[in-house]
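Heads up: the structure comes next, in structure tokens.
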Amino acid sequence: SSRANVPHNLNLDFIQCLCVQDILFRIHSLLPMREAARTACISPTFFQSWRCHSNLLFTKDTIGLKRGACGENFDDKIDRILRNHSGCLKTFNIDYYGTRGFTGTSYFDRWLQIALKPGIEELTLVLSETKRKYNFPCSLLSAGVRNSLRYLRLQFCALHPTVELGPLRSLKSLYLWRVSITWNELECLIFNSLTLELLDLISCPEIECLKLPCALQRLSALSVLACERLKVIESKAPNLSGLYLCGNWLDFSLVETLPIKELELQQTNLIRDARAKLPSLMPNIETLAIQSSREVVDAPMLPTKFLHLKHLTITVRSGAIVSRAYDYFSLVSFLDASPSLETLILDVTQRRMVHKSIFADSQLRHMPEHHHGHLKNVKISGFNSAKCVVELTCYILKNAVSLECLTLDTIYGSRCDDQGEDNWCTPMTDGILMEIPWALLAIKTHIENKVPPTVHLTVLEPCSKCHANGL
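Quick note on the working numbering: the sequence shown kicks off at 3 and runs consecutively.
As structure tokens, then:
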């Protein structure tokens with residue numbers, strides 16, 4: 003044959019050339035999209051690779067637009083790239099955050115026809131808020147797409163799946179943010195997504211109830227934020243262990259989620275219900291985070307227990323307008339109910355000091371002794387000179403016999419020396435900054451002399467760089 007007449011060394015050279023090209027293509031595919039596009043401008047090999055780049059993430063940064071750039075420029079650049087693209091996509095991400103003049107809906111159907119082909123694994127469509135929402139075409143979720151799609155995130159659009167929608171056999175993560183979808187439509191989507199592991203619903207105003215069937219064997223995390231009409235959550239998903247709920251609608255009596263091990267709640271006037279109802283509703287909780295405001299009732303002392311709770315975070319911040327001074331000492335109820343507790347994080351920040359100061363009345367109240375044999379780490383943010391805060395701290399020092407570290411932070415939020423992109427501390431109001439000298443004095447006169455030698459006390463003051471003007 004003609005192939006047999008080709009010299010052996012020529013065959014070897016050809017194979018080596020292919021191997022080198024495959025390696026270069028592989029390297030190019032791992033580059034961030036903007037760097038991959040730039041590299042394609044200087045090399046024919048990389049240009050060929052760019053035309054079939056499998057991960058396309060379109061944001062104003064990857065496209066190279068200036069801040070506040072017009073949406074038309076954004077659309078034009080995306081359109082040119084997709085018109086010249088060939089091959090299959092694994093990741094397709096369009097994010098209009100930070101652009102002006104959102105006009106892309108006329109392109110979307112064509113763009114999605116290019117992107118939604120067998121092999122696609124991740125699809126993100128973050129649009130801008132408009133009066134008329136883009137209607138996501140469920141018809142493009144063909145059999146091939148449904149077999150490969152693992153991650154779907156939609157924001158500021160409409161989604162109306164019907165019974166004709168086939169099973170999404172690989173979908174693991176579903177994020178719907180400000181999406182127009184009814185419960186019946188969401189139910190249709192859920193029953194066709196039985197491999198779901200994570201479900202995230204944010205500001206979906208048409209959903210009135212959420213019922214998760216036992217067929218969702220892999221679902222482990224559910225997040226529901228600001229879905230105003232949602233009144234009922236029922237879950238029979240056997241492995242749902244993480245739940246995050248935020249909204250004024252929450253009624254614990256309507257939440258059926260017994261297997262939960264991690265729970266995060268945000269709601270006004272929440273503390274009493276959380277203490278009274280959670281131990282019986284969710285007895286397996288190991289990690290609990292509560293964020294509440296405008297508390298009007300102190301935490302009650304009750305016999306019920308969080309037998310498995312190991313990590314507890316409670317945030318009870320008071321605003322500029324306070325109807326009553328919350329008794330932080332009542333949070334002892336959570337400590338006494340948690341015999342396995344290892345970590346306690348409290349945020350007791352007050353924008354305006356309304357509590358009785360320890361310097362106005364230094365006679366401390368006492369609770370019956372209740373030794374805690376597992377509590378090792380405690381942090382109190384927004385520490386102040388309120389008598390009830392000092393009483394709570396003294397109670398912990400006296401009863402947490404296994405305590406190793408106590409951190410008293412006179413402010414709250416992030417600090418400029420924390421790891422991350424923020425190089426500034428969280429801004430503080432004048433009321434908080436004016437209270438700090440009194441907080442430090444309270445620590446010196448009422449706390450330090452009660453710290454056992456086995457406990458490491460850390461006192462954090464505001465940094466001079468970020469809060470110099472307020473100190």
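For each residue, glycine too, the CB sits at the ideal point set by N, CA and C.
- Restricting attention to D363, P341, S130 and E187, the CA atom closest to the CA of N401 is found in P341.
- In this structure, the straight-line span from the alpha carbon of L399 to that of L408 is close to 9 Å.
- With a cutoff of 8 Å on beta-carbon distance, S182 and L200 are scored as not near each other.
- Within the same chain, Cβ atoms closer than 8 Å to the Cβ of F336 are found at R277, A301, F308, L314 and I316, the five residues on either side in sequence being excluded.
- Residue state for T315 is assigned as strand, using DSSP reduced to three classes.
- DSSP places V299 outside any beta strand (DSSP E), giving it a letter other than H or E.
- Taking the Cβ atoms as the reference, L198 lies roughly 7 Å from R220, within the contact range of under 8 Å.
- Taking C-alpha positions only, L142 is separated from Q269 by approximately 39 Å.
- For the region 397-450, the continuous alpha helix (DSSP H) assignments of 4+ residues that do not extend past its boundaries occur at 432-444, in sequence order.
- About 13 Å separates the Cβ atoms of P215 and N241, ruling out a contact at the 8 Å cut-off.
- Distance from the Cα of Y98 is smallest, within the candidate group I116, C248, F60 and W113, for F60.
- Boundaries of the beta strand (DSSP E) harbouring H458: H458 to L462, taken from the DSSP string.
- In this structure, the alpha-carbon of S387 lies about 11 Å from that of Q352.
- Here A327 has V356 and H357 as same chain residues with Cβ atoms under 7 Å from its own Cβ, once five neighbours each way along the sequence are excluded.
- If you look at C159, you'll find it in the beta strand (DSSP E) that goes Y153 to L161.
- If you look at I183, you'll find it isn't in any alpha helix (DSSP H); DSSP assigns it neither H nor E.
- Contact between L311 and I292 is ruled out by a C-beta separation of about 12 Å, above the 8 Å threshold.
- When secondary structure is reduced to three states using DSSP, L114 falls in the helix class.
- Spanning the alpha carbons of L114 and V318 requires a straight line of approximately 45 Å.
- Beta-carbon to beta-carbon, I116 and L84 are separated by about 5 Å, close enough to satisfy the 8 Å threshold.
- The beta carbon of K238 lies closer than 7 Å to those of L214, P215 and C216 in the same chain, with the five residues before and after it left out.
- By the beta-carbon neighbour count (other beta carbons within 10 angstroms, threshold 16), E406 is exposed.
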